[in-house]
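Enquirer:
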Amino acid sequence: MRHATNIIQRAVDLHAGRVAIIAAGERHTYAALLESAARVAGLLLDGRPDLAEARVAFLVPPSFTYVAVLWGIWRAGGIAVPLCTQHPAQELSHVIEDSGADIVVAHPEYEALVRPVAEARGRRFVLTTEITSRAPEQLPAVVGARGALIIYTSGTTGKPKGALSTHASLTAQIESLITAWEWSAVDRIALFLPLHHIHGILNVLSCALWSGASCEMLRGFDPAAVWNRIADDQLTVFMAVPTIYTRLIAYWEAAPDEEKQQLSDGCRRLRLMVSGSAALPVSVFEKWRSISGHALLERYGMTEIGMALSNPLRGERRPGHVGAPLPGVAARLVDEAGHPVPDGTPGEIQIYGPTVFREYWGKPEATAATFTSDGWFRTGDVAVRQNNVYRILGRSSVDIIKTGGYKVSALEIEEELRNHPAIAQCAVVGIPDPEWGERVAAAAVLHPGVTLDLKTIRTWAKKFLAAYKIPSLLVIVPDLPRNAMGKVVKPEVAKFFQKS
Ligand code: MLC
Ligand code: AMP
3 MRHATNIIQR
13 AVDLHAGRVA
23 IIAAGERHTY
33 AALLESAARV
43 AGLLLDGRPD
53 LAEARVAFLV
63 PPSFTYVAVL
73 WGIWRAGGIA
83 VPLCTQHPAQ
93 ELSHVIEDSG
103 ADIVVAHPEY
113 EALVRPVAEA
123 RGRRFVLTTE
133 ITSRAPEQLP
143 AVVGARGALI
153 IYTSGTTGKP
163 KGALSTHASL
173 TAQIESLITA
183 WEWSAVDRIA
193 LFLPLHHIHG
203 ILNVLSCALW
213 SGASCEMLRG
223 FDPAAVWNRI
233 ADDQLTVFMA
243 VPTIYTRLIA
253 YWEAAPDEEK
263 QQLSDGCRRL
273 RLMVSGSAAL
283 PVSVFEKWRS
293 ISGHALLERY
303 GMTEIGMALS
313 NPLRGERRPG
323 HVGAPLPGVA
333 ARLVDEAGHP
343 VPDGTPGEIQ
353 IYGPTVFREY
363 WGKPEATAAT
373 FTSDGWFRTG
383 DVAVRQNNVY
393 RILGRSSVDI
403 IKTGGYKVSA
413 LEIEEELRNH
423 PAIAQCAVVG
433 IPDPEWGERV
443 AAAAVLHPGV
453 TLDLKTIRTW
463 AKKFLAAYKI
473 PSLLVIVPDL
483 PRNAMGKVVK
493 PEVAKFFQKS
């Protein structure tokens with residue numbers, strides 16, 4: 003069976019002298035990447051023959067070292083658990099604890115934040131500056147069924163769950179995209195998406211490296227820097243979430259006419275521009291087409307399944323639609339009773355095939371609940387299909403919010419906000435927003451005699467929650483709307499935020 007470490011070797015055999023990574027002004031070949039990954043593997047193995055699915059959490063900024071650590075964990079037989087560089091200690095602790103990471107690797111920039119978290123739990127703590135050892139003579143053979151990557155993803159219950167993909171499922175996800183979007187060794191892509199989610203790790207980084215292409219790593223998203231890379235003429239492929247396209251449009255609109263022309267010319271030389279992770283508004287599709295000449299290719303995916311549906315590389319890309327199943331992906335729409343629905347009738351998207359993940363780490367009940375009895379993965383997304391082209395209508399749960407391309411759980415945020423001394427009750431909802439897709443909005447009932455404003459709650463919440471989970475809208479209300487069972491009625495809560 004094909005698997006990730008085989009393909010790493012294959013990319014290196016075929017492309018050893020080509021440039022794999024460009025970061026901080028330096029170019030690194032595939033051969034150099036493989037060698038660095040072997041040295042990381044040696045450090046992690048520390049004399050053992052095989053990490054045998056031990057989890058290795060790592061907190062490394064976007065850089066050549068990030069990729070060397072990811073590949074090094076795989077080459078040592080471990081499961082990679084990428085940590086988010088924007089997360090406060092509490093979120094990092096949850097991931098380290100929940101994944102049962104044996105080893106925590108960190109760049110020195112994050113040592114003060116993460117060393118105490120790792121050491122308090124008796125985990126081995128390794129700094130990336132310690133990667134100096136020689137590569138071991140022998141590295142373990144890694145079969146496709148072995149776990150490769152755990153990504154933490156928010157659900158409708160409690161804290162984020164770790165979705166475990168195997169080498170075989172990641173390989174299937176990558177090969178599907180390489181086939182559909184015709185990746186090749188002459189491609190070059192810029193990477194500015196966060197590296198604790200699949201959009202950045204799989205669609206951008208891994209597809210590039212599996213094809214022998216070059217990946218230019220930026221330190222995060224900055225509109226001027228990204229436009230600069232587009233205008234530089236060397237990129238061939240571009241991938242981003244809708245909020246990023248909105249930001250790029252705003253930058254372009256504010257630029258002087260001459261610069262506008264240069265930026266637009268840069269876009270025209272790319273072969274493919276893709277949008278995903280959240281619904282692409284038709285207005286953004288049209289505006290981007292007028293600026294760049296590109297009809298954005300919108301696709302639909304999810305951490306647990308990789309990419310599932312895509313508009314075509316060649317052929318009509320329909321605004322507001324996410325296209326047809328990708329190669330190797332089986333998709334169906336079902337009603338609430340689990341029966342397939344005909345074209346034109348809304349149903350839940352369910353996915354089947356080799357791209358689907360293995361399990362939620364340590365959560366057999368949650369894993370079982372997410373599959374149907376005949377093995378299809380329930381996405382919780384509702385769509386309608388016409389002639390094999392899908393259009394997303396929304397989600398079956400009001401408690402999942404997509405903001406800036408990040409999925410967040412209203413319930414997780416509510417739980418955290420209830421710990422604030424001024425808050426007696428609260429409800430969190432997603433409010434449609436032209437920039438963020440949805441904004442996280444909180445309605446709170448306060449204890450008698452206290453006050454609370456948005457700035458105070460945001461400053462307080464930053465200690466516990468990632469920035470993208472913190473409410474950017476707040477209303478104080480005397481009571482929350484509840485139904486006869488006492489459950490908060492979220493659509494009524496959303497009405498508090500309607501602009502009058
Ligand atoms: C950040 N801020 C937000 C926010 N995120 N405010 C409201 N809503 C949000 N979602 C605030 C911060 O609190 C801060 O405020 C200020 O904005 C700047 O923070 P930042 O962290 O610097 O944000 P920025 O860089 O502007 O982030 C925007 C972004 C980022 C679009 C670049 O959100 C991003 O990279 N999104 C991509 C996420 C992604 O890759 N998702 C894929 C998941 S995988 P203050 O007050 O502190 O200044 C998946 C599967 C699939 O979905 O199909 O791909
Ligand atoms: P995540 O759980 O972070 O992997 O996010 C996956 C979710 O993002 C999906 O379940 C969808 O709700 C949403 N999503 C991804 N791509 C699209 C898209 N093109 N249109 C609408 N929603 C999308």
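In our numbering, the protein residues as written are 3 to 502.
Every residue gets a Cβ at the ideal spot worked out from N, C-alpha and C, and that includes glycine.
All figures in this text were calculated on a predicted structure; none of them were measured in a lab.
Below 7 Å, is the gap between the Cβ of residue 302 and the nearest heavy atom of the ligand AMP?
Expert: Translated into the one-based positions of the sequence shown, residue 302 becomes position 300. The answer is yes for residue 302.
Enquirer: For residue 148, which beta-bridge partners are listed by DSSP?
Expert: For this step, residue 148 is matched to residue 146 along the sequence shown. In the DSSP output, where bridge partners are listed per residue, residue 148 has none listed.
Enquirer: Cα separation between residue 247 and residue 308?
Expert: The residue given as residue 247 occupies position 245 in the sequence shown. The residue given as residue 308 occupies position 306 in the sequence shown. Their Cα atoms are separated by approximately 21 Å.
Enquirer: Is it buried or exposed, residue 57, if we count other Cβ atoms within 10 angstroms and call 16 or more buried?
Expert: Translated into positions along the sequence shown, residue 57 becomes position 55. Buried is the call here.
Enquirer: Just to confirm, are residue 386 and residue 344 a CB contact at a threshold of 8 Å?
Expert: The residue given as residue 386 occupies position 384 in the sequence shown. The residue given as residue 344 occupies position 342 in the sequence shown. Cβ distance not < 8 Å, so residue 386 and residue 344 don't count as in contact.
Enquirer: If contacts are defined as beta-carbon pairs under 8 Å, then residue 392 and residue 325 qualify, I think. What distance do you get, rounded to the angstrom?
Expert: Within the sequence shown, the letter at position 390 stands for residue 392. Within the sequence shown, the letter at position 323 stands for residue 325. The Cβ separation is near 7 Å, so the contact holds.
Enquirer: Measuring only from the beta carbon, is residue 199 closer than 7 Å to any heavy atom that is part of the ligand AMP?
Expert: Along the sequence shown, one-based indexing puts residue 199 at 197. Yes - the ligand AMP has a heavy atom lying nearer than 7 Å to the Cβ of residue 199.
Enquirer: Going by the C-beta, is residue 195 closer than 7 Å to any heavy atom of the ligand MLC?
Expert: In the sequence shown, residue 195 corresponds to position 193, counting from 1. Yes, the Cβ of residue 195 comes within 7 Å of a heavy atom of the ligand MLC.
Enquirer: Who does residue 365 pair with in a DSSP beta bridge?
Expert: Along the sequence shown, one-based indexing puts residue 365 at 363. DSSP, once it has assigned bridges, lists no residue as partnering residue 365.
Enquirer: Under a three-way DSSP split, which group does residue 348 fall into?
Expert: Here residue 348 corresponds to residue number 346 of the sequence shown, with the count starting at 1. Of the three classes helix, strand and coil, the one that applies to residue 348 here is coil, per DSSP.
Enquirer: Where do the N-terminal and C-terminal ends of the beta strand (DSSP E) with residue 464 fall, by residue?
Expert: Residue numbering aside, residue 464 sits at position 462 when the sequence shown is read from its first letter. That residue, residue 464, is in no beta strand (DSSP E); it is neither H nor E in DSSP.
Enquirer: Can you tell me whether DSSP reads residue 409 as helix, strand or coil?
Expert: Translated into positions along the sequence shown, residue 409 becomes position 407. Residue 409: strand per DSSP, three-state reduction.
Enquirer: Please return the same chain residues whose Cβ sits closer than 6 Å to the Cβ of residue 66, not counting the five positions on each side in sequence.
Expert: Within the sequence shown, the letter at position 64 stands for residue 66. So the qualifying residues of the chain are 23, 25, 30.
Enquirer: Among 375, 415, 202, which residue has its Cα nearest to the Cα of residue 243?
Expert: Locating residue 243 in the sequence shown gives position 241, counting from the first residue. With distances taken between Cα atoms, residue 243 lies closest to 202.
Enquirer: Tell me the rounded alpha-carbon separation between residue 97 and residue 463.
Expert: Along the sequence shown, read from residue 1 onward, the residue named residue 97 stands at position 95. Along the sequence shown, read from residue 1 onward, the residue named residue 463 stands at position 461. Cα to Cα, the separation comes out at about 18 Å.
Enquirer: Would you be able to state if there are at least three C-beta pairs under 8 Å between the segment 182–195 and the segment 77–89?
Expert: Short answer: they don't touch.
Enquirer: How about residue 298 and residue 311: are their beta carbons less than 8 Å apart?
Expert: Walking along the sequence shown from the start, residue 298 turns up at place 296. Walking along the sequence shown from the start, residue 311 turns up at place 309. Cβ distance not < 8 Å, so residue 298 and residue 311 don't count as in contact.
Enquirer: Using DSSP with H/G/I as helix, E/B as strand and the rest coil, what is residue 342?
Expert: Reading the sequence shown from its first residue, position 340 is the one you call residue 342. Strand.
Enquirer: When the Cα atoms are used, what is the spatial distance from residue 441 to residue 407?
Expert: As a working note, residue 441 is residue 439 in the sequence shown. As a working note, residue 407 is residue 405 in the sequence shown. Approximately 11 Å between the Cα atoms of the pair.
Enquirer: Can you give me the C-alpha to C-alpha distance between residue 283 and residue 251, rounded to a whole angstrom?
Expert: Stepping through the sequence shown from its first residue, residue 283 is reached at position 281. Stepping through the sequence shown from its first residue, residue 251 is reached at position 249. For residue 283 and residue 251, the distance between alpha carbons rounds to 13 Å.
Enquirer: Measuring only the C-alpha atoms, how far is residue 19 from residue 216?
Expert: On the sequence shown, residue 19 is found 17 positions in, with the first residue counted as 1. On the sequence shown, residue 216 is found 214 positions in, with the first residue counted as 1. Using only the alpha carbons, I get a separation of about 12 Å.
Enquirer: Mind checking whether the beta-carbon of residue 466 lies closer than 7 Å to any heavy atom of the ligand MLC?
Expert: In the sequence shown, residue 466 corresponds to position 464, counting from 1. Flag unset: Cβ of residue 466 not near the ligand MLC.
Enquirer: Could you name the residues of the same chain whose beta carbon sits closer than 8 Å to that of residue 226, not counting the 5 residues immediately before and after it, in chain order?
Expert: Residue numbering aside, residue 226 sits at position 224 when the sequence shown is read from its first letter. Contacts found: 253.
Enquirer: Using a Cβ-Cβ cut-off of 7 Å (strictly less than) and excluding sequence neighbours within five positions of residue 409, which residues of its own chain qualify?
Expert: What you label residue 409 is simply residue 407 of the sequence shown in a count that begins at 1. Excluding positions up to five away in sequence, the list reads 155, 156, 402.
Enquirer: Going straight from the alpha carbon of residue 172 to that of residue 32, what length do you get?
Expert: Here residue 172 refers to the residue found at position 170 of the sequence shown. Here residue 32 refers to the residue found at position 30 of the sequence shown. One C-alpha to the other measures close to 20 Å.
Enquirer: So is residue 487 buried or exposed if we call it buried at 16+ other beta carbons inside 10 Å?
Expert: Position 485 of the sequence shown, counting from 1, holds the residue named residue 487. Burial call: exposed.
Enquirer: Exposed or buried, residue 28, counting other C-beta atoms within 10 Å across all chains shown (16 or more means buried)?
Expert: In the sequence shown, residue 28 corresponds to position 26, counting from 1. Residue 28 is exposed by the Cβ-count criterion.
Enquirer: So is residue 370 buried or exposed if we call it buried at 16+ other beta carbons inside 10 Å?
Expert: Indexing the sequence shown from 1 puts residue 370 at position 368. Classification of residue 370: exposed, given that the 10 Å Cβ count is below 16.
Enquirer: Check whether the Cβ atoms of residue 81 and residue 55 lie closer than 8 Å to each other.
Expert: To locate residue 81, count along the sequence shown from 1; it is residue 79. To locate residue 55, count along the sequence shown from 1; it is residue 53. Yes, they are a contact pair.
Enquirer: Can you list, in chain order, the stretches of the beta strand (DSSP E) that have 3 or more residues and sit fully within the segment 248–300?
Expert: Fully enclosed beta strand (DSSP E) runs of 3 or longer: 274–277.
Enquirer: Candidates 168, 134, 92, 17: which alpha carbon is nearest residue 469's?
Expert: Counting from 1 along the sequence shown, the entry for residue 469 is found at position 467. Ranking the options by Cα distance to residue 469, first place goes to 92.
Enquirer: Taking only the alpha-carbon atoms, compute the straight-line gap between residue 103 and residue 206 and give it to the nearest angstrom.
Expert: Sequence index remark: in the sequence shown, residue 103 carries index 101 (1-based). Sequence index remark: in the sequence shown, residue 206 carries index 204 (1-based). So the alpha carbons of these two residues sit roughly 26 Å apart.
Enquirer: Suppose the cutoff is 7 Å on Cβ atoms and the five residues either side in sequence are ignored; what does the same chain contact list for residue 175 look like?
Expert: To locate residue 175, count along the sequence shown from 1; it is residue 173. For residue 175, where only same-chain residues beyond five positions count, the Cβ hits under 7 Å are 204, 308, 309, 357.
Enquirer: In three-state DSSP terms, what is residue 15?
Expert: To locate residue 15, count along the sequence shown from 1; it is residue 13. If DSSP states are grouped into helix, strand and coil, residue 15 belongs with the helices.
Enquirer: Out of 161, 335, 414, 35, state which residue places its alpha-carbon closest to the alpha-carbon of residue 395.
Expert: To locate residue 395, count along the sequence shown from 1; it is residue 393. For the residues 161, 335, 414, 35, the minimum Cα distance to residue 395 belongs to 335.
Enquirer: Taking three-plus beta-carbon pairs below 8 Å as touching, is the segment 175–191 in contact with the segment 122–129?
Expert: Touching, no.
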